[in-house]
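Novice:
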Amino acid sequence: MKKPGGLFLIILLFICGLQLRAQQSLRPNIIVFLVDDMGWQDCSLPFWTSATPLNKRYHTPNMERLAKEGMKFTNAYAAPVCTPSRSSMLSGMNVAHHGITNWTSPAKDNNTDAKDDQFEAAQWNMNGLSPTAGVEATAYATVFPELLKQSGYFTIHVGKAHWASYGTPGASPYNMGFIVNISGHSAGHPQSYLSEEHYGNMPRKAIIQAVPDLEEYYDSGTFLTEALTLEAEKALEYPIKNHQPFYLNMAHYAVHTPIMGDKRFVQKYLDNGLDSIEARYVSLLEGMDKSLGDIMDFLKAKGVEKNTIIIFMSDNGGLSLAPPRGGAPHTQNLPLKGGKGSVYEGGIREPMIVKWPGIVKPSSVTDQYVIIEDFFPAILEMAGVRNYKTVQRVDGKSFVPVLKNPLYKDTSRLLIWHYPNKWQDQGGPGINYFSAARKGDWKLVYSLRTGKGELYNLKEDIGETNNLAAKYPAKLKELESLLGKKLQTWNAPMPLDKTTRQPAAWPGQTL
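Laid out in structure tokens, this is it:
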């Protein structure tokens, strides 16, 4: 038998290469546009039944544009603070399961819990998320960007990472499945948003929170949000040119403190009568929104808009401590109760939008509740990654069925929040040592300090003002039991009572 000639083999390889490129080009590009500390009300796009006074304060036309082209989620949730949410997104695990229940310090082995008179700090995974087993005080997990990379995606991280402490593998996006990393490290907020201050990289000043990789923009007048956007567009050129599907983790530092004014927008808010702090805060939001619009315009100009999924999300509720916010404390997320750090709705309900051309009906809305760990299975399903293996058990549930059918409804699912930590001395509603659960329209807010639960019907009382625990004791008991059993199954961290030397009681456990 005559062996194939060299020319035949070359032609065969060329055809196979074309087929592979065609298959790759059919796979959707995916962008997660993640905002830091943005509240449910921090935009001109209403996520409630109608526009509120806060919606009318803000100007976010590109969020409105994205919602017109996609689906708005009115019941999307994250954790009360950043690292737990970001770790849940990458791992698909609930916060109580992975045990990274508080924000991680840039310094290794540094418990960020504030001191407390009643409790000693819980034994939580203070060093964050790890792609490597055996790292002390970390949660070992297979992260979805690594699975995307293995399946042929070009993976890019831009902006805030904050998955783990410095000196552990999870602190570097390169170890978390990303081919490109711009400005992601162990820090949870920027030292400065200003190019004139080199984004915090100044001589003889502490630089642990300084933003790396942006030397090109020093002294240029380019605000941090804009610099990150420009860098993201540069990074996208390579996969677009090579017809390779990409995943972009566009993780802005905005609108985290320090609340510094974006000079492109701040003056008009001062002219409108906002106080200096809130004018600066709102300018951060408008700068973030401009970034979203710039990226959408970039995708259109490059001809990849129709094959790119955009998922917009925040990592926790809007900051409501005042100071550093302006106005009266805990009014910044109304009608929601509380803010960042709280298990009330103001601390955990997020503005979420998904655009998926050809799949998601434009201007559609869903009230199906979802949570941040759902991103893991949903993104892999969108990318066509199947039969993957993880070292952890994934708790998240894909929301792709919701995207395909806005009427999809599951009221039997139990959502869980667990914050057995002391975030701030300042405190506030639902802040410090709380857990919570939602099933259908019913929500339990459980105090680890007192061992008592509050019960709310969110459909009738989104502001959580009417505690129904006494009226519906059976429902209260049901949710406490479900929450307690789940926390015990996951061996969730619990604070230690200084007097009894015993952990706080599980919800539903007789004291």
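Position in the sequence shown (first residue = 1) + 3 = my numbering. Glycine included, every Cβ here is placed at the ideal spot set by N, Cα and C.
Specify the secondary structure class of Asp300 as computed by DSSP and reduced to three states.
Specialist: It is helical.
Novice: Determine whether the beta carbon atoms of Asn239 and Leu231 lie at a separation below 8 angstroms.
Specialist: Sequence check: residue 239 is Leu here, not Asn. Contact: no.
Novice: Sorted by chain position, which residues of the same chain lie with C-beta nearer than 8 angstroms to Pro206's C-beta, five sequence neighbours on each side aside?
Specialist: Excluding positions up to five away in sequence, the list is empty.
Novice: Note down the Cα distance separating Trp127 from Asn105, rounded to an integer number of angstroms.
Specialist: Those two C-alpha atoms are separated by around 8 angstroms.
Novice: Here's a check: name, in chain order, each residue in its chain whose Cβ is nearer than 6 angstroms to the Cβ of Gly187, leaving out the five neighbours to either side.
Specialist: Cβ within range, chain order: His160, Ala164, Pro176.
Novice: Can you tell me which of the three DSSP states Asn65 falls into?
Specialist: Three-state result, Asn65: helix.
Novice: For the alpha helix (DSSP H) containing Thr272, list its first residue and its last residue.
Specialist: Checking the sequence shown, residue 272 turns out to be Tyr, not Thr. 269–274 is the extent of the alpha helix (DSSP H) around Tyr272.
Novice: Can you pull the DSSP bridge partners for Ser345?
Specialist: Note: Ser345 sits in a beta bridge opposite Ile434.
Novice: If we call anything under 8 angstroms between Cβ atoms a contact, is Ala124 one with Asn114?
Specialist: Yes.
Novice: Can at least three beta-carbon pairs, one atom from the stretch 46–62 and one from the stretch 302–309, be found at a separation below 8 angstroms?
Specialist: Touching, no.
Novice: For Met2, which beta-bridge partners are listed by DSSP?
Specialist: Past the edges of the chain, shown from 4 to 514, lies residue 2, and the structure says nothing about it.
Novice: What separation, rounded to the nearest whole angstrom, lies between the Cα atoms of Val38 and Leu322?
Specialist: Their Cα atoms are separated by approximately 13 angstroms.
Novice: Looking only at its own chain, which residues have a Cβ that is under 7 angstroms from the Cβ of Ser90, when we skip the five neighbours before and after it?
Specialist: Here the set comprises His101, Ile103, Gly131, Leu132, Ala142, Trp166.
Novice: In whole angstroms, give me the CA-to-CA distance for Pro326 and Pro332.
Specialist: Going from the Cα of Pro326 to the Cα of Pro332 covers about 8 angstroms.
Novice: Suppose the cutoff is 8 angstroms on Cβ atoms and the five residues either side in sequence are ignored; what does the same chain contact list for Ile351 look like?
Specialist: Cβ within range, chain order: Tyr80, Ala81, Ala82, Pro83, Asn319, Gly320, Ser345, Trp420, Ala439.
Novice: Rounded to whole angstroms, what's the CA-CA distance from Gln153 to Pro365? Just pull it up for me.
Specialist: Those two C-alpha atoms are separated by around 32 angstroms.
Novice: Between the Cα of Asp120 and the Cα atoms of Lys489, Leu499, Ile280, which residue gives the shortest distance?
Specialist: For Asp120, the nearest C-alpha among the options comes from Leu499.
Novice: Kindly indicate which three-state DSSP category Asn252 falls into: helix, strand or coil?
Specialist: Residue state, collapsed to three classes: strand.
Novice: Following the continuous beta strand (DSSP E) through Tyr449, name the residue where it begins and the one where it ends.
Specialist: Where Tyr449 is concerned, the enclosing beta strand (DSSP E) stretches over 445–450.
Novice: Excluding the five sequence neighbours on either side, which residues of its own chain have a C-beta within less than 7 angstroms of the C-beta of Gly162, listed in chain order?
Specialist: For Gly162, where only same-chain residues beyond five positions count, the Cβ hits under 7 angstroms are Ser186, Gly187, Leu231, Met253, Ala254, His255, Tyr256.
Novice: Tell me whether the beta-carbon of Gly456 lies closer than 8 angstroms to the beta-carbon of Val448.
Specialist: Yes, these two residues count as a Cβ contact at 8 angstroms.
Novice: Go ahead and pull the three-state DSSP assignment for Ile182.
Specialist: The answer is coil: DSSP assigns Ile182 none of H, G, I, E or B.
Novice: Quick check: the Cα distance between Trp493 and Ala99, rounded to an integer number of angstroms?
Specialist: Their backbone Cα atoms lie some 7 angstroms apart in a straight line.
Novice: Would you be able to state if there are at least three C-beta pairs under 8 angstroms between the stretch 287–298 and the stretch 58–70?
Specialist: The stretch 58–70, when compared against the stretch 287–298, does touch it at the 8 angstroms Cβ threshold.
Novice: Work out the CA separation of Phe181 and Phe249 for me, nearest whole Å.
Specialist: Taking the straight line from one Cα to the other gives about 11 angstroms.
Novice: Going along the chain, which residues of its own chain have a beta-carbon closer than 7 angstroms to the beta-carbon of Leu383, five neighbours each way excluded?
Specialist: The residues are Phe147, Leu150, Tyr391.
Novice: Cβ of Gly1 within 8 angstroms of Cβ of Thr228?
Specialist: The shown model of the chain, from 4 to 514, leaves out residue 1, and the question about it has no answer.
Novice: According to DSSP, is Asp377 part of a helix, a strand, or is it coil?
Specialist: Note: Asp377 maps to helix in three-state DSSP.
Novice: Identify every run of the alpha helix (DSSP H) within the stretch 456–494, keeping only runs that are complete inside it and at least 4 residues long; order them along the chain.
Specialist: Runs of the alpha helix (DSSP H) inside the stretch 456–494: 476–492.
Novice: Could you give the DSSP three-state label for Glu289: helix, strand or coil?
Specialist: In the structure shown, Glu289 sits in a helix (DSSP, three-state: H, G or I).
Novice: Assign Gln194 to buried or exposed, taking buried as 16 or more other Cβ atoms, counted over all protein chains shown, within 10 Å of its Cβ.
Specialist: Result: buried.
Novice: Please classify Leu410: is it buried, with 16 or more other beta-carbons within 10 angstroms of its beta-carbon, or exposed?
Specialist: Its Cβ having fewer than 16 others within 10 Å, Leu410 is exposed.
Novice: Tell me the DSSP secondary structure of Asn58 in three-state form.
Specialist: Helix at Asn58.
Novice: Our contact map puts Gly173 next to Met179 with C-beta atoms below 8 angstroms; I'd like the distance itself, whole angstroms only.
Specialist: That belief holds up - the Cβ atoms of Gly173 and Met179 are roughly 6 angstroms apart, short of 8 angstroms.
Novice: Straight-line CA distance for Met263 to Gly430?
Specialist: C-alpha separation (whole angstroms): 24 angstroms.
Novice: Please check the pair Tyr436 and Phe122, which I expect to be a contact at CB under 8 angstroms, by giving their CB distance rounded to whole angstroms.
Specialist: With 8 angstroms as the limit, Tyr436 and Phe122 qualify as a contact, their Cβ atoms being about 7 angstroms apart.
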